[in-house]
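Here is the structure we will look at.
Protein chains in written order, with the working numbering: chain P, 7 to 206; chain U, 7 to 206.
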């Protein structure tokens, strides 16, 4: 049926967002209309504010500081020579929330399934290399490839190891084993196997 | 961890939308930032345009016509005396897409689980009654209670039948039976039972 243009276009636009299909997009639009003009305006303005978010010139995480560097990179108490490379900003938040990491981050962005980095990802890596060469006397102490513990993550890590080994003394990945609070009975074979191999 | 205020507030706001949790909301925000300022502005503007969407004064479906009435209610070729009451706007779209319905609609909104209508829903029903009394000589020919074929939908229909019977000659619901293209083998007992009772 023929819906007003403004609605059709917004449904299309929302459907392009990750994990939102055309059906949910339509529901969202009708929901917003039902909430009234104040809600609509407030959401539109909230989204518009994202225009002011900047990317850190060192790690590419978001920030709204006066300078070009995020609060984590700017924190002199953090170990500059320990760098966790992450794919998603939300992974950074998860790691930060553990309060167990005192290094810095580097947001590489989602690595394509082919394993071939996009142009902008290569530029970011280049940026990381120059940073390490200039500011860390040629080498970082440790780079953690904090990718998902999946075969895809393993593949991506193997590709990056060659590229990064000249600029760091050590390359590590996140530990593998039983998730805390889990039960051996319900662990899959792969996980239990890794837990045996990596026992400590 | 401490994210910029603009991001925290937008995540909260997006989490209030139906079937979007805080995790997806966070992912959406980072996705938008990664798409850049043009995309952000375009989505914000698209949402802002919803402010101009109006509700039809007869059926409460959305429209952007010059007057107060939607294109369906305004269509003189449609049967004014045949009214389908629906809960969700998306249900109207689904019915309209069948091209098998030539009557009008009435958007009641989602009926609360308690079966007790909200104040605004009572006002809408009142509006429907006055419309029928004034424009259809006291009675509609038929009102279809196009609710979901669930026990909840049955319950809601039973509550409305009493209220609507004075203003319509006939009250019906959508047909029950096997979905077209389905297989008897995979039909659940309830559906197959209904298909037997409603055989034709």
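For every residue, glycine included, the Cβ atom is placed at its ideal position computed from N, Cα and C.
| Asked | Found |
| --- | --- |
| The region 190-205 of chain P in contact with the region 8-22 of chain P per 3-pair CB rule at 8 angstroms | no |
| Within-9 angstroms CB hit, residue 125(U) to chain P | no |
| Terminal residues of the beta strand (DSSP E) in which residue 148(U) lies | 148-151 |
| Nonlocal neighbours in the same chain, by C-beta distance under 6 angstroms from residue 159(U), ignoring five residues either side | 153 |
| DSSP state of residue 120(U) mapped onto helix, strand, coil | coil |
| Enclosing beta strand (DSSP E) for residue 89(U) [first to last residue] | 88-92 |
| Beta-carbon contacts of residue 162(P) that lie in its chain and below 7 angstroms, excluding the five residues immediately before and after | 117, 121, 153 |
| Residue 61(P) vs residue 39(U) beta-carbon contact at 9 angstroms | yes |
| First through last residue of the alpha helix (DSSP H) which encompasses residue 29(P) | 28-41 |
| C-beta contact flag for residue 146(U) and residue 88(U) at 9 angstroms | yes |
| For residue 168(P), the three-state DSSP class (helix, strand or coil) | helix |
| Limits of the unbroken beta strand (DSSP E) element including residue 178(U) | 177-179 |
| The region 19-33 of chain U: positions lying closer than 7 angstroms to chain P by Cβ | 19, 23, 24, 25, 30, 32, 33 |
| For residue 68(U), the residue or residues it bridges with in DSSP | 61(U) |
| Residue 156(U) versus residue 21(P) - alpha carbon distance | 28 angstroms |
| 7 angstroms CB neighbourhood of residue 171(P) in its chain, flanking five on each side removed | 177 |
| Counted within 10 angstroms of its Cβ, other Cβ atoms place residue 186(P) as buried (16 or more) or exposed | exposed |
| Residue 48(U) beta carbon less than 9 angstroms from that of residue 128(P) | no |
| Distance CB(residue 80(U))-CB(residue 71(U)) smaller than 9 angstroms | yes |
| Per-residue DSSP class, three states only, for residue 203(P) | helix |
| Contact set between residue 37(U) and chain P, taken where Cβ atoms lie within less than 9 angstroms | 23, 24 |
| Within chain U, the residues that residue 52(P) reaches when beta carbons sit closer than 7 angstroms | 15, 16, 19 |
| Test: residue 55(U) CB closer than 9 angstroms to a CB of chain P | yes |
| Which of helix, strand or coil DSSP assigns to residue 113(P) | strand |
| Counterpart residues of residue 174(U) in DSSP-defined beta bridges | 146(U) |
| Neighbouring residues, chain P, relative to residue 47(U) (Cβ below 9 angstroms) | 53, 54, 57 |
| Beta-carbon proximity of residue 86(U) to residue 109(U), cut-off 9 angstroms | yes |
| Inter-residue spacing [alpha-carbon to alpha-carbon] between residue 151(P) and residue 17(P) | 37 angstroms |
| Cutoff 9 angstroms: residue 95(U) Cβ touching any chain P Cβ | yes |
| Residues near residue 31(P) by beta carbon distance below 6 angstroms, same chain, minus five either side | 17, 20, 21 |
| Residues that residue 99(U) contacts on chain P, provided the C-beta gap is smaller than 8 angstroms | 7, 9, 32 |
| Cross-chain neighbours of residue 102(P) in chain U, by beta carbon under 8 angstroms | 7 |
| Residue from 46(P), 58(P), 113(P), 182(P) with nearest C-alpha to residue 78(P) | 113(P) |
| C-beta atoms of residue 138(P) and residue 173(P) nearer than 9 angstroms | yes |
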